[in-house]
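Down below is the structure, laid out as structure tokens.
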Amino acid sequence: MLLVCRFRVSDPETFTERVKRALELLTEQPGCRKGTLARSTDEDDRWVLTVEFESVVAYRRAMSPFPVREHVIPLLSEALTDEPAMYEPTLTSTGGEVEEHTSVLAEDAFTVRLGEAAGPATPRS
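Residues 59 to 183 (my numbering) are what the sequence shown spells out, left to right.
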């Protein structure tokens, strides 16, 4: 799973210190592969934080320890919310070899809303 959070930043020095601490906490959690903070080359106040996890379960577990909830969750809550933050890898590539990943999403993942696990109350068109 890939966590992608975009930020609009007015104080880069303070922001990078906060993200540094967040990355330390997250990447020491089992199942967290790596994290990256990048700054836009087009707009000086735009930043993106990406963190890669082995699975959805690893992501959820990484978010559970108290220090993560204390430092990471408040930071992530400041991310821009006009786009989704969690992505499931479809293709990955290393050394010229491309690996295709099987989706773990249910077939009806984009038709059933939260709270409608037994099925939507009213059929959607």
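Glycine included, every Cβ here is placed at the ideal spot set by N, Cα and C.
Within the continuous beta strand (DSSP E) that includes residue 106, where are the two ends?
According to the DSSP assignment, residue 106 belongs to the beta strand (DSSP E) that extends over 104-111.
Please report the distance separating the alpha-carbon of residue 154 from that of residue 59.
21 Å
CA-CA distance, residue 152 and residue 92?
15 Å
With a Cβ-Cβ cutoff of 8 Å, do residue 162 and residue 141 count as a contact?
no
For residue 87 versus residue 127, is the C-beta distance shorter than 8 Å?
no
Sequence-distant residues of its chain with Cβ nearer than 8 Å to residue 143 (five each side left out):
These residues qualify, in order along the chain: 61, 62, 63, 134 and 137.
Candidates 113, 123, 139 and 169: which alpha carbon is nearest residue 160's?
113
Taking the Cβ atom as the reference point for each residue, do residue 116 and residue 106 lie within a distance shorter than 8 Å?
no
Tell me the DSSP secondary structure of residue 136 in three-state form.
The answer is coil: DSSP assigns residue 136 none of H, G, I, E or B.
Are the CB atoms of residue 156 and residue 83 nearer to each other than 8 Å?
Cβ distance not < 8 Å, so residue 156 and residue 83 don't count as in contact.
Check whether the Cβ atoms of residue 72 and residue 94 lie closer than 8 Å to each other.
no
Residues in its own chain within less than 8 Å of residue 158 by CB, not counting five upstream and five downstream?
148 and 149
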